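Asker: Residue numbering for the sequence shown follows this note's numbering, beginning at 23 and increasing consecutively.
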Amino acid sequence: MTVEALSDKSLVGVKTIQRLRNDEEYPTSKQTVLALCVRLKLSPAEAEDLFDKTDFKLNTKKTEDYIYKCVLGACSNNSIYAINEMLKKHKVPLLGSSPEE
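#1: For THR38, count neighbouring Cβ atoms within 10 angstroms of its own Cβ and tell me buried if that reaches 16, exposed if not.
#2: Could you tell me whether the stretch 99 to 110 touches the stretch 73 to 85, where touching means 3 or more Cβ pairs closer than 8 angstroms?
#3: For a test of the three-state rule: what should DSSP assign to PRO66, helix, strand or coil?
#4: Tell me the DSSP secondary structure of VAL55 in three-state form.
#5: Are the CB atoms of VAL34 and LEU64 nearer to each other than 8 angstroms?
#6: What whole-angstrom Cβ distance do LEU117 and VAL60 have, given they're in contact under 8 angstroms?
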């Protein structure tokens, strides 16, 4: 898969993906990691493995993180657009990279 294809379907910018690939210390967000999991259609176990390689932990006692954990369970079944619609309804930050990344 090309960087451009990954970017289009994950809502993560091309430059962000390139920086993540080339710089292990590049700062990112939970939303970016989740967006990549969704686009790559990772299984829940694979998505958790990717999350374990970041500084982010999903605390299911927090509403936002609980919802994100549910998203991980549905990665292979929904598009990022459908997931973002659901997140918007629950007033949870949307997936993808922010302009600052």
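Every residue, glycine too, gets a C-beta built ideally from N, C-alpha and C. Just so you know, these numbers come straight off a predicted model, no measurement behind them.
Answerer: Checking against the coordinates, here is how it stands:
#1: Counting from 1 along the sequence shown, the entry for residue 38 is found at position 16. THR38 comes out buried.
#2: no
#3: For the purposes of this step, residue 66 is taken as the residue at position 44 of the sequence shown. Helix, per DSSP.
#4: Numbered from its first residue, the sequence shown carries residue 55 at position 33. If DSSP states are grouped into helix, strand and coil, VAL55 belongs with the helices.
#5: As a first step, residue 34 is located in the sequence shown; it is residue number 12 there, counting from the start. As a first step, residue 64 is located in the sequence shown; it is residue number 42 there, counting from the start. It is not a contact, given that the beta carbons lie outside the stated cut-off.
#6: Translated into positions along the sequence shown, residue 117 becomes position 95. Translated into positions along the sequence shown, residue 60 becomes position 38. Their Cβ separation, rounded to whole angstroms, is 6 angstroms, which keeps LEU117 and VAL60 in contact under 8 angstroms.
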